[in-house]
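In the UniProt record's numbering, the protein residues as written are 1 to 153.
Just below is one structure, and these are the notes that go with it.
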Amino acid sequence: MSSLSNRVVAITGAASGIGLATAHLLASHGAHLSLADVNTSALDKTEKDIKAKHPDIKILTYTLDVRNESDVAAWIAKTLDAFDRLDGAANLAGVIGASIGVKGVQEQDVDEWNYVLGVNLKGVMLCLKHQLKHMGAGASVVNASSVAGVIGM
1 MSSLSNRVVA
11 ITGAASGIGL
21 ATAHLLASHG
31 AHLSLADVNT
41 SALDKTEKDI
51 KAKHPDIKIL
61 TYTLDVRNES
71 DVAAWIAKTL
81 DAFDRLDGAA
91 NLAGVIGASI
101 GVKGVQEQDV
111 DEWNYVLGVN
121 LKGVMLCLKH
131 QLKHMGAGAS
141 VVNASSVAGV
151 IGM
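Encoded structure:
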C-alpha cells in the first residue's frame, strides 16, 4: 500500500466489520480519518482504540444514518471543516435483513426490504454524491455494502 500519510479518508460503517478493519488499516498507514456510523458508542470506542495505537492520527467521528441525505451532507461538510480536504472514501455501511435469504419474496417484509436497500444502495449513492465533488485528482473511493446483494431469493 502506498503511503497514506496525512491523506484524509471518510469511512462509513466505521464502528464494526469491514469499516472498522479499514479504519485501523488506513490509520496504520498514516491516514487521517472521518469516521461515520449509526452506533455512537461503538464509534467512540473505535476512535479511542485507533488513537491508542496511532496518537498522531487526527480523527473526526460523526453519527449518521447513510439513508438520510442531510446527515450525509452535514458529515462531509464537517469533514471539510476539520481537514480542509477529502482525499478518499470507503463507503462500507451495510446491513442484511433477518428474512433476506431465509424467506421467499412472497414472505418478505417490505419495511425491512426498504431498510436494506436504503442502507446498501441509497446510502452509497448519497455518500458519493456529497464526497466526489470535493475530491481532486488522485482521490480513491471504495464502495461495498453487504452480502445481501448476492443472496438469492
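The beta-carbon is built from N, C-alpha and C at its ideal position, and this holds for glycine as well.
Can you find the residues in the same chain that come closer than 7 Å, C-beta to C-beta, to residue i, ignoring five residues on each side of it along the sequence?
i	result
Ala23	Ile11, Ala14, Leu33, Leu35, Thr46, Ile50
Cys127	Thr12, Val66, Val72, Ala89, Asn91
Leu43	Ala14, Ala15, Leu35, Asp37, Thr61, Thr63
Ser140	Gly88
Gly118	Arg67
Under the DSSP definition of a beta bridge, which residues are partnered with residue i?
i	result
Gly88	Val9, Ser140
Lys103	Ile100
Please classify residue i: does DSSP put it in a helix, a strand, or coil?
i	result
Lys133	coil
Leu128	helix
Gly118	helix
Gly123	helix
Val95	coil
Asp111	helix
For residue i, does the count of other Cβ atoms within 10 angstroms reach 16, so buried, or fall short, so exposed?
i	result
Leu26	buried
Asp56	exposed
Asn114	exposed
Gly123	buried
Leu132	exposed
Thr40	exposed
Asp111	exposed
residue 176	Any question about residue 176 goes unanswered here, given that the chain covers just 1 to 153.
Gly138	exposed
Val8	buried
Gly19	buried
Please work out which residues of its chain come closer than 6 Å, Cβ to Cβ, to residue i, disregarding the five sequence neighbours upstream and downstream, and give them in chain order.
i	result
Val142	Ala90
Glu69	Leu126
Near residue i, what residues of its chain come up, given a Cβ to Cβ distance below 8 Å and the 5 sequence neighbours on each side ignored?
i	result
Lys58	His32, Leu33, Ala82, Phe83
His134	Ile76, Leu80, Arg85, Leu86
Glu107	Ser99
His29	Met1, Ser3, Leu4, Ser5
May I have a chain-ordered list of the beta strand (DSSP E) segments no shorter than 3 residues that lie completely inside the stretch 15 to 83?
-> DSSP runs (the beta strand (DSSP E)) wholly in the stretch 15 to 83: 32 to 37, 59 to 63.
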